Every structure is written in C-alpha cells, then in structure tokens.
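**Q**
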Amino acid sequence: MELQHFSHKHPLVFIEKQNHESEKAYCSGCGELVSGSSFRCVECGYYLDKLCAEASSEINHPFHCNHSLKLQVSPPFRNICDFCDKGLDKFVYHCSCDLNLHIKCALLSKSIAAKGFGKLDDIPHKEALVSIENFSEELKGAKCFACWQRLLDFAYLDLGHGIFLHKKCVDLPTEIIHFLHSQHSLILQFNSKPLPCQMCKKTQLKGFVYRCSPCEVALHITCAELPTKINHLCHRNHPLFLKFDPESLPCQICQNTQDEGLVYCCSICKFKLHVDCASPPPIIKGEIHEHPFTLFWKQLPFICDACGTTGNCASYTCYKCSLTIHGNCISLPPIIKFPRHRHPLSHTFILGQYEMKTLICEACPEKVNAQHGVYCCSDCNYVVHADCAQEYSWFSFYELEDMDEGLNEKSAFAVIKVSKLGEDIVIASEIKHLNHQHNLVLSNDSEGHKVCDGCMLSISTLFYCCSQCEFFLHKSCAEAPKKKKLWFHRHQSPLTLTSNHIFRCPRCFYWFNASFAYKCNICKSYRCLACALISDTPTFEGHKHRLYRYDKYEGQCNGCGDQLHAAYVCKDCKFAVHNRCLRLPSKILHEYDEYPLILTYHEDNLYSEYTYCDICEETRNPNHWFYHCAICSTSAHRECVVKRHSYMKLGGSYRMRSHPHQLTFTKKISACHVCHQPCLDLSLECLKNGCDYIVHLECITWQSFNYSFIQREDEGTS
Numbered sequence: 057m058e059l060q061h062f063s064h065k066h067p068l069v070f071i072e073k074q075n076h077e078s079e080k081a082y083c084s085g086c087g088e089l090v091s092g093s094s095f096r097c098v099e100c101g102y103y104l105d106k107l108c109a110e111a112s113s114e115i116n117h118p119f120h121c122n123h124s125l126k127l128q129v130s131p132p133f134r135n136i137c138d139f140c141d142k143g144l145d146k147f148v149y150h151c152s153c154d155l156n157l158h159i160k161c162a163l164l165s166k167s168i169a170a171k172g173f174g175k176l177d178d179i180p181h182k183e184a185l186v187s188i189e190n191f192s193e194e195l196k197g198a199k200c201f202a203c204w205q206r207l208l209d210f211a212y213l214d215l216g217h218g219i220f221l222h223k224k225c226v227d228l229p230t231e232i233i234h235f236l237h238s239q240h241s242l243i244l245q246f247n248s249k250p251l252p253c254q255m256c257k258k259t260q261l262k263g264f265v266y267r268c269s270p271c272e273v274a275l276h277i278t279c280a281e282l283p284t285k286i287n288h289l290c291h292r293n294h295p296l297f298l299k300f301d302p303e304s305l306p307c308q309i310c311q312n313t314q315d316e317g318l319v320y321c322c323s324i325c326k327f328k329l330h331v332d333c334a335s336p337p338p339i340i341k342g343e344i345h346e347h348p349f350t351l352f353w354k355q356l357p358f359i360c361d362a363c364g365t366t367g368n369c370a371s372y373t374c375y376k377c378s379l380t381i382h383g384n385c386i387s388l389p390p391i392i393k394f395p396r397h398r399h400p401l402s403h404t405f406i407l408g409q410y411e412m413k414t415l416i417c418e419a420c421p422e423k424v425n426a427q428h429g430v431y432c433c434s435d436c437n438y439v440v441h442a443d444c445a446q447e448y449s450w451f452s453f454y455e456l457e458d459m460d461e462g463l464n465e466k467s468a469f470a471v472i473k474v475s476k477l478g479e480d481i482v483i484a485s486e487i488k489h490l491n492h493q494h495n496l497v498l499s500n501d502s503e504g505h506k507v508c509d510g511c512m513l514s515i516s517t518l519f520y521c522c523s524q525c526e527f528f529l530h531k532s533c534a535e536a537p538k539k540k541k542l543w544f545h546r547h548q549s550p551l552t553l554t555s556n557h558i559f560r561c562p563r564c565f566y567w568f569n570a571s572f573a574y575k576c577n578i579c580k581s582y583r584c585l586a587c588a589l590i591s592d593t594p595t596f597e598g599h600k601h602r603l604y605r606y607d608k609y610e611g612q613c614n615g616c617g618d619q620l621h622a623a624y625v626c627k628d629c630k631f632a633v634h635n636r637c638l639r640l641p642s643k644i645l646h647e648y649d650e651y652p653l654i655l656t657y658h659e660d661n662l663y664s665e666y667t668y669c670d671i672c673e674e675t676r677n678p679n680h681w682f683y684h685c686a687i688c689s690t691s692a693h694r695e696c697v698v699k700r701h702s703y704m705k706l707g708g709s710y711r712m713r714s715h716p717h718q719l720t721f722t723k724k725i726s727a728c729h730v731c732h733q734p735c736l737d738l739s740l741e742c743l744k745n746g747c748d749y750i751v752h753l754e755c756i757t758w759q760s761f762n763y764s765f766i767q768r769e770d771e772g773t774s
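Just so we're aligned, residue 57 is where the sequence shown starts under the numbering used here, counting upward by one.
1) Is it right to say Arg-292 is buried, meaning 16 or more other beta carbons lie within 10 angstroms of its own, or is it exposed?
2) Does the Cβ-Cβ distance between Cys-161 and Phe-139 come in under 8 Å?
3) Which residue comes first and which comes last in the beta strand (DSSP E) that contains Cys-521?
4) Whose C-beta lies closer than 8 Å to the C-beta of Lys-814 among residues of the same chain, with five residues either side of it excluded?
5) In whole angstroms, what is the alpha-carbon distance linking Ala-692 and His-492?
6) Pop quiz: Ser-555 and Cys-521 are said to be a contact at Cβ under 8 Å. What is the actual Cβ separation, rounded to whole angstroms?
7) Return the first residue and the last residue of the beta strand (DSSP E) that Thr-720 is part of.
8) Short of 6 Å in beta carbon distance, which residues of its chain neighbour Glu-316, apart from the five on each side in sequence? Order them along the chain.
9) Please name the residue in Lys-73, Ala-419 and Gly-598 whose C-alpha comes closest to that of Arg-96.
10) How long is the line joining the alpha carbons of Leu-603 and Gly-615, rounded to whole angstroms?
11) If you measure between the beta carbons of Arg-575 and Thr-552, is that distance less than 8 Å?
12) Spell out a yes or no on whether the region 522-540 and the region 375-391 are touching, meaning 3 or more CB-CB pairs, one atom from each, closer than 8 Å.
13) Compute the distance between the beta-carbons of Pro-67 and Glu-58, then report whether it is under 8 Å.
14) May I ask you to report which of helix, strand or coil DSSP gives Asp-737?
15) So what does Asp-105 bridge to, in DSSP terms?
16) Span of the beta strand (DSSP E) holding Val-30?
17) Cβ atoms of Leu-542 and Ala-573: under 8 Å apart, would you say?
18) What would DSSP say about Leu-743, mapped onto helix, strand or coil?
19) Taking only runs of the beta strand (DSSP E) that begin and end inside the region 583-637, which ones reach a length of at least 3 residues, in chain order?
20) So, is His-399 buried or exposed, given that buried needs 16 or more other C-beta atoms within 10 angstroms?
21) Tell me the residue span of the alpha helix (DSSP H) that contains Lys-39.
22) Between Tyr-375 and the rest of its own chain, which residues show a CB-CB distance below 8 Å, the 5 nearest in sequence each way excluded?
23) Do three or more CB pairs link the region 262-273 to the region 244-253 at distances below 8 Å?
24) Measure the alpha-carbon distance for Phe-469 versus Leu-490 and round it to whole angstroms.
25) Closer than 6 Å by C-beta to Lys-506: which residues in its own chain qualify, once you throw out the five before and the five after it? Chain order, please.
26) Pro-252 bridges to which residues according to DSSP?
27) List the residues that DSSP assigns as beta-bridge partners of Thr-656.
28) Using only the alpha-carbon positions, how far apart do Cys-669 and Ile-644 sit?
29) Please look up how many angstroms separate the CB atoms of Gly-92 and Cys-108, rounded, as I've assumed it's under 8 Å.
30) On a Cα-Cα basis, can you pick out the residue from Arg-206, Lys-249 and Phe-201 that is closest to Leu-215?
31) Between the alpha carbons of Cys-363 and Pro-338, how many angstroms are there, rounded?
32) Compare the beta carbon distance of Phe-451 and Arg-546 with 8 Å and say whether it is the shorter of the two.
33) Taking all protein chains shown into account, decide if Gly-172 is buried (16 or more other Cβ within 10 angstroms of its Cβ) or exposed.
34) Could you work out which residue in Leu-738, His-123, Gln-308 and Pro-395 is closest to Asp-154 when comparing CA atoms only?
35) Check for me: the beta strand (DSSP E) holding Ala-573 runs from which residue to which?
36) On the CB-based measure, 16 or more other CB atoms within 10 Å of its CB, does Cys-613 come out buried or exposed?
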C-alpha cells in the first residue's frame with residue numbers, strides 16, 4: 057500500500073512494524089520514535105507514523121469552534137504549542153487567529169473533547185497527596201494542561217511526554233450557563249486569545265477557558281467552578297455569597313484589600329473573604345521552617361511568629377515548635393538579598409541566639425520585637441522587620457563576577473602625583489579621570505564662583521581642576537567609583553559612571569546634559585551623581601542626627617511641607633524630608649543675583665518680616681526652607697531658585713531629528729518656532745549662520761534628540 061503525502065515529493069510505502077532494533081526511525085510529523093505501523097519513503101528514508109500520515113489536512117476542533125485548523129509541514133512565526141506550551145518544529149495544526157498545536161496535541165485534545173477516552177482509559181489516575189516531598193521537582197512545578205492550576209492539588213492523569221490533566225478536568229462540561237454572563241452559553245475553548253477573567257480579572261495565558269466568542273467574555277475553569285454560596289468556619293452566623301465587593305473591605309484572613317473581582321461576602325456583618333483565602337490548603341511546607349504547617353481555623357487574633365504582625369481567623373501552626381504564622385508568611389525565603397545591606401539577610405524565629413547590639417529596624421524607625429521573626433545579619437548587627445525586608449522583593453538581583461564587596465571602591469581615576477599632609481596622610485594631588493581628557497590638579501582656591509562638572513553644584517571645599525580648560529570636580533565627586541550598585545534602583549547590578557548625556561533623573565526630577573551620571577546597563581536609565589551618592593542612612597547639614605530611609609512614612613516634609621509617602625526620617629525626633637529636599641544644594645548662584653544664595657532652614661528674626669520671595673514676589677511660608685543672601689537681603693522660594701533645568705549647562709552642540717543643523721543650549725528672549733512665544737527659559741538655538749531657528753525646551757519632545765553628546769571645542773570632557 058502506497059501513500060502520496062502532501063509533505064513529501066516521493067510516494068510512501070506502508071510498513072506494518074519496524075523489524076529490527078537497528079532500524080530506529082523518527083516520524084517527520086511529530087518527531088517521536090516510530091514503533092508501530094508507519095509509512096516510509098524507500099528513496100530517502102522519510103518516515104511518518106500511521107497517525108500522522110492519516111491525519112486530515114483540515115479539522116474542526118471542538119475546543120476551537122470559530123475556525124478550522126489546517127495541517128502545515130512547518131510551524132508559523134510563533135512556534136509554541138498552545139496546548140503543551142512546548143516548541144514546534146514538525147507538523148502543526150494552525151489557525152489564522154494564531155492558534156498553533158502539535159499534530160499529536162491537536163488529535164489528543166480533540167479526542168478528549170469528543171469524550172473518546174480510548175487514550176485515557178488505560179491510564180490509572182494518581183491521587184493528590186497532602187505532602188509533595190516525594191515528588192520530583194518537575195511535578196512540583198507542573199500544571200494541569202486544562203485549568204492551568206497546580207497539578208498536585210488534585211488527582212491527575214499522566215498522558216506522557218510531560219502532558220498532565222487533572223482527573224476532574226477530563227470530565228469538564230463543554231458548555232455552561234453562568235450568572236456573570238447569562239445571556240449566552242460559555243463554551244470550553246483553547247485560550248488562544250487571552251482575555252481577563254470576568255470573575256478574578258486576571259489573564260491566563262495558556263490552558264482552556266470558558267468563552268463567549270461574540271461577546272469576548274472569558275471565565276477561568278477554576279473561577280467557573282466556584283460555588284455561589286458557601287458556609288464557612290470563619291463566619292458561622294450566616295452563609296457567604298459570591299459577589300462583587302462594592303465597599304472594598306479587607307479580607308478577614310489576609311487583611312488585604314482586593315481592588316476588583318469577586319469575593320465571598322456577608323452583607324449583614326460586613327464580612328469578606330477573598331476567593332483564594334476561603335479554601336486554603338490544609339498543610340503547607342515552606343523553606344522558612346523545617347516542619348510543615350497545619351491550617352488552624354479559629355476566630356482568634358494572633359501575632360505571627362514569622363513577621364511579628366497581627367492576624368485574624370485563620371493561621372498555620374507548627375505543633376512541634378509551637379509556631380503560629382500567616383499563610384502568606386510560609387513562603388518567606390529563609391535568606392534574602394537586601395539592597396540596603398552588602399550581605400544576605402537570614403530569617404530567624406529566635407533573634408536572641410545572636411548578640412545583637414540594637415533592636416531598631418534599619419529600614420524604618422521602629423523597634424523590632426525579639427519575640428518574633430525578623431531578618432538579620434548577625435555579623436554586622438543589622439536587623440530588619442520581615443515586612444520591611446519584603447518591600448524590596450520586586451528588585452532584580454544579578455550574580456556577576458564584579459559584584460564583590462570592594463565594587464564601590466574601584467576608582468574612576470589614576471593617580472599621577474601624591475602629596476603628604478602631615479606624617480601619615482597621603483593625598484592624590486594630580487589625577488587622570490576617565491571622564492576627562494586632561495590631568496586634574498588638587499586645589500583649594502576659593503576665589504570666584506566655581507561649579508563642579510560632576511554634580512553641577514557650587515564648589516566650596518577641596519576640588520580638582522584642569523589647567524587647560526574650565527573643568528572642576530569636587531574631590532568627593534572625583535572619588536565616585538566607576539561602577540556602583542545603587543540601593544534604591546530595582547536592577548541590583550553595577551551602574552556605570554558616565555557623563556555628557558541628556559537625561560531627567562527619576563530620583564530628583566531635574567534635567568542634566570553635561571554632568572556625571574550612573575547608567576544602568578539593563579534598563580538604560582540614568583541617575584544623577586548627587587542622588588546616586590546619597591546613602592539610605594545619610595547625614596545632613598540641616599539636621600543634627602543621622603537620617604534613615606523609611607519607605608512607608610506618612611507625614612509632612614520639613615523642607616517644603618509636602619505630604620510624604622516615603623522619606624528620610626530621624627529616629628530621635630520628628631524630622632522627615634523627601635529626596636528632592638535632601639539633595640538641595642546648600643549654596644547656589646542664581647542668574648539674577650550677584651552673590652551665592654544659601655539654603656536656610658529656619659527663619660531668622662533679623663529678616664522674618666520679609667516673608668516673601670524676591671524672585672516671584674509671592675509670599676513664603678516661614679516654616680519652610682528657603683534661599684537667602686545675607687549681603688543683599690534676598691530671600692526666595694526653593695523652587696524659584698532651583699528649577700528643573702537649573703543643572704543644564706549652556707552651550708554644547710546637539711542634533712535634533714526635526715532640524716538639519718547643529719543646536720546649542722541658550723537663554724535668549726526670542727520667539728519660539730513652535731509656540732511663537734518669547735523664550736524666557738532654556739531653549740535650543742541653531743548654530744548655523746543665517747538660520748534663526750530657536751525653540752523652547754518645553755516645546756520639544758525629548759525623544760527627538762540624538763542622545764549622544766557632541767563635544768564642543770572649548771569643552772574638556774569626553
């Protein structure tokens with residue numbers, strides 16, 4: 057018997073069975089080893105097993121009722137199977153709506169949909185066990201290919217080739233009527249076009265969903281199975297009904313508020329449970345503790361032994377160790393990387409085993425309770441609340457060769473000459489910095505107003521200067537390392553010191569174009585040098601005590617009076633500032649003032665009667681910080697002195713896509729070519745003689761810049 061298959065140019069001959077072990081062959085349709093009946097090309101050894109050879113070139117699939125699926129020899133551009141989530145490289149059933157299935161996956165799922173369990177009857181189901189310790193790592197992370205939920209939560213079938221189905225999902229109804237979409241039936245379909253579930257509002261990327269295609273409505277299988285009414289041990293007075301929660305009440309188990317989706321509610325008692333919290337697993341084993349935890353239903357408040365915060369209704373208990381914790385805390389990692397400390401932190405239930413010198417949390421101004429679990433570094437006497445440590449769990453940490461403890465000490469300059477200060481102190485008197493082409497010499501010359509080219513702030517201490525061009529660097533800015541991890545940046549990989557890029561610092565919101573900056577090589581974002589060098593526990597000229605970064609602080613900024621949601625806080629007194637006020641320059645020269653203005657933290661009686669701003673001529677709040685010149689009695693708002701473009705350097709040469717000539721930064725009162733209003737602030741002017749193009753910086757989309765800085769002839773930077 058011969059077959060002329062569309063996938064091959066030669067006729068294929070039917071073979072009842074492979075004769076010898078040495079004649080191993082693989083099917084060109086599914087890639088599996090041929091073991092039964094097959095078709096073979098005598099001329100070139102092309103094989104198709106009988107199932108692939110006789111598969112229809114086009115099928116109507118019950119789980120994809122809108123279109124037919126056509127058999128193709130090779131996969132389309134997107135080469136992932138929508139059933140098994142594995143790669144496609146052989147025959148594929150494809151739909152124009154971008155559904156793609158292995159040939160065997162398409163036929164198997166079609167058989168299941170048609171209740172043709174010939175392939176399933178001989179497979180005994182495997183019971184779900186309370187403990188999963190004896191299962192392989194593959195099974196622990198496996199999911200049911202229908203509902204896409206954790207496989208080991210229910211009895212399941214192993215169909216081979218890494219394909220699993222919950223036993224209950226084999227018998228799912230293919231059509232249902234649901235109260236959330238009662239006007240049409242919902243049909244069980246491949247999730248080829250992921251839609252948010254009408255119940256939980258989450259989007260499932262794989263598996264099956266109940267769908268109404270005309271209305272583009274979808275329900276997850278697990279959501280569709282939820283009962284609309286339950287009786288619960290946490291609320292025995294009344295039944296709980298499944299409904300949307302208009303009052304956004306906190307769940308009585310996890311204490312969190314759900315923004316959208318359905319919950320179980322008792323409207324009489326204002327009682328609410330999240331759907332997931334209503335039926336938690338009875339036993340959970342986590343890495344945080346050596347024993348499993350058992351669910352304990354009781355309407356009693358408790359203090360969690362893992363995090364030290366209160367809980368209600370449901371808890372998990374280790375009876376061997378007398379530990380009671382939140383269900384969520386079981387998944388706490390035993391060791392974490394914390395961006396504000398150089399060593400990993402370990403979780404402990406017994407802080408007293410370490411000789412800690414302090415019980416103050418390093419991430420907030422509150423004391424830790426030694427009777428409950430915390431994260432700590434015993435070597436450094438460093439302790440953090442468990443909840444505070446989790447504030448940074450969304451950060452990404454990277455294992456790189458150069459991320460050692462000495463990373464921040466790798467210098468950005470080479471020492472050319474050194475000088476002695478006394479007998480023991482040696483200081484670099486001449487250096488070659490990687491961000492400047494000439495050597496820099498140490499100086500303490502205080503004549504004139506100099507601005508640091510690293511941070512764009514005034515110079516009043518030791519600095520390095522270039523004898524060949526107007527280039528200055530604070531000694532502290534010159535000593536900034538060439539690579540540095542920033543504790544506040546989500547990518548915990550070293551950022552690289554660079555210069556001469558146009559960017560807006562997302563930390564302080566000021567614009568820069570010629571200063572030093574740290575660039576993240578992952579997200580390509582920049583942080584200005586001043587913000588990058590602020591630690592999480594900085595000292596500050598305007599306050600006598602050390603400050604600590606607190607990400608959950610609620611209150612007012614002592615600098616500007618703004619409402620705070622995160623701040624640098626003093627643990628000893630009621631003082632808090634946000635980052636923008638903390639990094640304000642202590643001295644700055646304003647364009648309309650002859651003398652530098654000094655940042656002033658308290659109103660002095662000498663000039664308290666003049667509580668108005670000499671720049672905008674509006675009143676000032678005497679309780680807020682301001683800039684003042686004692687020589688000319690000038691006082692001004694902080695925001696009138698330090699504007700978002702105050703750190704932009706005039707001059708330079710730039711390119712912009714919308715203009716053919718080179719542009720330079722300037723301040724000139726001319727009509728803007730975009731808005732036709734006078735340019736009173738920073739603007740860009742054309743350098744070409746005869747071209748009068750000038751435009752407000754505010755009128756330009758920043759993305760129109762070619763961000764590479766074009767060096768000026770009189771600028772000594774590179």
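Cβ atoms here follow ideal geometry from the backbone N, Cα and C, with glycine treated the same way. Keep in mind the model is a prediction, meaning the values are calculated, not measured.
**A** So, to answer that:
1) As a position in the sequence shown, residue 292 is number 236, starting the count at 1. Label assigned to Arg-292: exposed.
2) Position 105 of the sequence shown, counting from 1, holds the residue named residue 161. Position 83 of the sequence shown, counting from 1, holds the residue named residue 139. It is a contact, given that the beta carbons lie within the stated cut-off.
3) Translated into the one-based positions of the sequence shown, residue 521 becomes position 465. 519-521 is the extent of the beta strand (DSSP E) around Cys-521.
4) No answer is possible for residue 814: it lies beyond the span of the chain, which begins at 57 and ends at 774.
5) Within the sequence shown, the letter at position 636 stands for residue 692. Within the sequence shown, the letter at position 436 stands for residue 492. Those two C-alpha atoms are separated by around 35 Å.
6) Here residue 555 is taken as the residue at index 499 of the sequence shown, counted from 1. Here residue 521 is taken as the residue at index 465 of the sequence shown, counted from 1. Their Cβ separation, rounded to whole angstroms, is 16 Å, which puts Ser-555 and Cys-521 out of contact at 8 Å.
7) Taking the first residue of the sequence shown as position 1, residue 720 is located at position 664. Annotation: the continuous beta strand (DSSP E) that includes Thr-720 extends over 715-722.
8) If you number the sequence shown from 1, residue 316 lands on position 260. Within the same chain, Glu-316 has close Cβ partners Lys-257.
9) By one-based count along the sequence shown, residue 96 stands at place 40. It is Lys-73.
10) For the purposes of this step, residue 603 is identified with residue 547 of the sequence shown, where counting begins at 1. For the purposes of this step, residue 615 is identified with residue 559 of the sequence shown, where counting begins at 1. When rounded, the distance between both Cα atoms is 14 Å.
11) Residue mapping note: residue 575 aligns to position 519 of the sequence shown, counting from 1. Residue mapping note: residue 552 aligns to position 496 of the sequence shown, counting from 1. Here residue 575 turns out to be Lys, not Arg, going by the sequence shown. Contact: yes.
12) no
13) Taking the sequence shown and counting its residues from 1, the one referred to as residue 67 is at position 11. Taking the sequence shown and counting its residues from 1, the one referred to as residue 58 is at position 2. Taking 8 Å as the cut-off, the beta carbon of Pro-67 is found closer than this to the beta carbon of Glu-58.
14) Residue numbering aside, residue 737 sits at position 681 when the sequence shown is read from its first letter. The answer is coil: DSSP assigns Asp-737 none of H, G, I, E or B.
15) To locate residue 105, count along the sequence shown from 1; it is residue 49. Partner(s): Ser-94.
16) Residue 30 is absent from the structure shown; the chain starts at 57 and stops at 774.
17) As a first step, residue 573 is located in the sequence shown; it is residue number 517 there, counting from the start. As a first step, residue 542 is located in the sequence shown; it is residue number 486 there, counting from the start. No, the Cβ-Cβ distance between Ala-573 and Leu-542 is not below 8 Å.
18) Residue mapping note: residue 743 aligns to position 687 of the sequence shown, counting from 1. Reduced to three states, the DSSP call for Leu-743 is coil.
19) 603-606 and 623-626
20) Within the sequence shown, numbered from 1, the residue matching residue 399 stands at position 343. His-399 comes out exposed.
21) With the chain covering 57 to 774 only, the question about residue 39 has no answer from this structure.
22) Taking the sequence shown and counting its residues from 1, one reaches residue 375 at position 319. Answer for Tyr-375: Thr-350, listed in chain order.
23) yes
24) The sequence position of residue 469 within the sequence shown is 413, counting from 1. The sequence position of residue 490 within the sequence shown is 434, counting from 1. Approximately 6 Å between the Cα atoms of the pair.
25) On the sequence shown, position 450 is the one that residue 506 refers to. Only Ile-515 and Phe-528 meet the Cβ criterion.
26) Translated into positions along the sequence shown, residue 252 becomes position 196. Looking at the DSSP output, Pro-252 bridges to Thr-259.
27) For the purposes of this step, residue 656 is taken as residue 600 along the sequence shown, with counting starting at 1. In the DSSP output, where bridge partners are listed per residue, Thr-656 has Phe-682.
28) In the sequence shown, counting from the first residue as 1, residue 669 sits at position 613. In the sequence shown, counting from the first residue as 1, residue 644 sits at position 588. Taking the straight line joining both Cα atoms gives about 16 Å.
29) What you label residue 92 is simply residue 36 of the sequence shown in a count that begins at 1. What you label residue 108 is simply residue 52 of the sequence shown in a count that begins at 1. That pair is no contact at about 11 Å.
30) Translated into the one-based positions of the sequence shown, residue 215 becomes position 159. Ranking Arg-206, Lys-249 and Phe-201 by Cα distance to Leu-215 puts Phe-201 first.
31) Sequence index remark: in the sequence shown, residue 363 carries index 307 (1-based). Sequence index remark: in the sequence shown, residue 338 carries index 282 (1-based). Between Cys-363 and Pro-338, the alpha-carbon positions lie close to 21 Å from each other.
32) To locate residue 451, count along the sequence shown from 1; it is residue 395. To locate residue 546, count along the sequence shown from 1; it is residue 490. Yes, the Cβ-Cβ distance between Phe-451 and Arg-546 is below 8 Å.
33) For the purposes of this step, residue 172 is identified with residue 116 of the sequence shown, where counting begins at 1. Here Gly-172 scores only 43 on pLDDT, less than 50, and its place in the model should not be relied on; the value that follows carries that caveat. Looking at its Cβ environment, which holds fewer than 16 other Cβ atoms inside 10 Å, Gly-172 is exposed.
34) In the sequence shown, residue 154 corresponds to position 98, counting from 1. Out of Leu-738, His-123, Gln-308 and Pro-395, His-123 has the C-alpha closest to the C-alpha of Asp-154.
35) Taking the sequence shown and counting its residues from 1, one reaches residue 573 at position 517. Unbroken beta strand (DSSP E) run through Ala-573: 572-575.
36) As a working note, residue 613 is residue 557 in the sequence shown. It counts as buried.
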